[in-house]
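Asks: Under our numbering, think of the first position of the sequence shown as 5, with each following residue one higher.
Sharing a structure below in structure tokens format, with a few things to ask.
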Amino acid sequence: MLFHIVFFKWRAHDKKDLRRHTVVCFVFCLLLSWIAEEFFSVADITGAFVAGLALSGMPTTSYTSTKFETVSYMLLSPVFFASIGLSMTNISMSGSMIAFTILLTVIAVLTKIIGCGLGAKICRYTNKESVQIGVGMISRGEVALIVANKGSANGLISEELFAPIIIMVVVTTIVTPILLKLVFHDKHAAEPAQA
């Protein structure tokens, strides 16, 4: 709340250069990420999220968000994924680890479908819509990679367990669009008929 007020007051006095505003917002996000991890021992993404909340609702939010997306797409995301790939050295998976990876992936898929599907059902969506919502939530994505990377860096996750988590994230990311196409098949089939 305090950061939000400070940024609004600063923006009120400095309306000339939107580029400067974007740079300040970017530095602010990095600063809060560092503070969250260094002083509060929580993941740096938490600090970045708080920074996003503080910056939301400002008149220049749309402009800043567009610039952030460009930087993220061209620089930050590739560097992050490359660093994850580089950290996966000396991977050797035994039969039991392959079985564990398959089980982990199946559980990751089912828990999303069941958990999110039940949540949707409680909110009075139909069975079909609940399944569609559950399937749409399957992908684990960047947050799972960040958590796994942090766990590995802090010695909480062994290198042996790191590989199955990465494989699970990749598989769920690939499988989600395929399953979404299947659960929305009737809708796509109905659209040409209506046309």
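By construction, the Cβ of each residue, glycine as well, lies at the ideal position given by its N, Cα and C atoms.
#1: Taking the straight line between their C-alpha atoms, what separation do you get for C33 and S60?
#2: Assuming T176 and T109 make a contact with CB atoms under 8 Å, what is their CB distance in whole Å?
#3: Check this for me: beta carbons of L184 and G140, under 8 Å apart or not?
#4: For my contact list, V31 and A40 are in at a C-beta cut-off of 8 Å; report their separation, rounded to the angstrom.
#5: Would you mind giving the Cβ-Cβ distance between G121 and G138, rounded to the nearest angstrom? I have them listed as a contact below 8 Å.
#6: Give the DSSP-derived three-state secondary structure of V173 in the structure shown.
#7: Just to confirm before moving on: does the CB-CB distance between S100 and S156 stay below 8 Å?
#8: Please say whether F104 and Q136 have beta carbons closer to each other than 8 Å?
#9: For K132, is the classification buried or exposed, using 16 other Cβ atoms within 10 angstroms of its Cβ as the cut-off for buried?
#10: Could you check if N158 is buried or exposed, using at least 16 other CB atoms within 10 Å of its CB as the buried criterion?
#11: Excluding the 5 residues flanking K125 on each side, which residues of the same chain have their C-beta closer than 7 Å to its C-beta?
#12: Can you name the start and end residues of the alpha helix (DSSP H) that P63 belongs to?
#13: Considering V46, what are the terminal residues of the alpha helix (DSSP H) in which it resides?
#14: Give the straight-line distance between the Cα atoms of M97 and E73, rounded to the nearest whole angstrom.
#15: For L108, report the span of its alpha helix (DSSP H) as first-last.
#16: Return helix, strand or coil for S87, following the three-state DSSP convention.
#17: Whose C-alpha, out of S69, S87 and V113, is nearest the C-alpha of I182?
#18: Can you give me the C-alpha to C-alpha distance between I150 and S81, rounded to a whole angstrom?
#19: Out of F84, L165, F43 and G89, point me to the one whose CA is closest to L107's CA.
Replies: According to the structure shown:
#1: Position 29 of the sequence shown, counted from the start, is the residue given in the question as residue 33. Position 56 of the sequence shown, counted from the start, is the residue given in the question as residue 60. C-alpha separation (whole angstroms): 12 Å.
#2: In the sequence shown, counting from the first residue as 1, residue 176 sits at position 172. In the sequence shown, counting from the first residue as 1, residue 109 sits at position 105. Yes, they are in contact, since the Cβ atoms of T176 and T109 sit about 7 Å apart, within 8 Å.
#3: Taking the first residue of the sequence shown as 1, we reach residue 184 at position 180. Taking the first residue of the sequence shown as 1, we reach residue 140 at position 136. It is a contact, given that the beta carbons lie within the stated cut-off.
#4: If you number the sequence shown from 1, residue 31 lands on position 27. If you number the sequence shown from 1, residue 40 lands on position 36. Not confirmed; about 15 Å, so no contact.
#5: Translated into the one-based positions of the sequence shown, residue 121 becomes position 117. Translated into the one-based positions of the sequence shown, residue 138 becomes position 134. Contact holds; Cβ gap of about 3 Å.
#6: Residue 173 sits at position 169 when you count from the first residue of the sequence shown. V173 falls in the helix class under three-state DSSP.
#7: For this step, residue 100 is matched to residue 96 along the sequence shown. For this step, residue 156 is matched to residue 152 along the sequence shown. No, Cβ-Cβ distance for S100 and S156 is not below 8 Å.
#8: In the sequence shown, the residue the question calls residue 136 occupies position 132. In the sequence shown, the residue the question calls residue 104 occupies position 100. Result no, Cβ atoms of Q136 and F104 do not sit closer than 8 Å.
#9: Taking the sequence shown and counting its residues from 1, one reaches residue 132 at position 128. Looking at its Cβ environment, which holds fewer than 16 other Cβ atoms inside 10 Å, K132 is exposed.
#10: Start at 1 with the first residue of the sequence shown, and residue 158 comes out as number 154. Exposed, because fewer than 16 other Cβ atoms sit within 10 Å of the Cβ of N158.
#11: Taking the sequence shown and counting its residues from 1, the one referred to as residue 125 is at position 121. Same-chain partners within the cutoff: S134.
#12: For the purposes of this step, residue 63 is identified with residue 59 of the sequence shown, where counting begins at 1. Note, P63: premise wrong, no alpha helix (DSSP H); not H, not E.
#13: Here residue 46 corresponds to residue number 42 of the sequence shown, with the count starting at 1. Careful: V46 lies outside any alpha helix (DSSP H) and carries neither H nor E.
#14: Within the sequence shown, numbered from 1, the residue matching residue 97 stands at position 93. Within the sequence shown, numbered from 1, the residue matching residue 73 stands at position 69. Whole-angstrom Cα-Cα distance: 36 Å.
#15: In the sequence shown, residue 108 corresponds to position 104, counting from 1. L108 -> alpha helix (DSSP H) spans G99 to I126.
#16: Taking the first residue of the sequence shown as position 1, residue 87 is located at position 83. Helix at S87.
#17: For the purposes of this step, residue 182 is taken as residue 178 along the sequence shown, with counting starting at 1. I182 has its Cα closest to that of V113, out of S69, S87 and V113.
#18: Against the sequence shown, residue 150 aligns to sequence position 146. Against the sequence shown, residue 81 aligns to sequence position 77. Going from the Cα of I150 to the Cα of S81 covers about 12 Å.
#19: The residue given as residue 107 occupies position 103 in the sequence shown. Checked all of F84, L165, F43 and G89; the closest Cα to L107 is L165.
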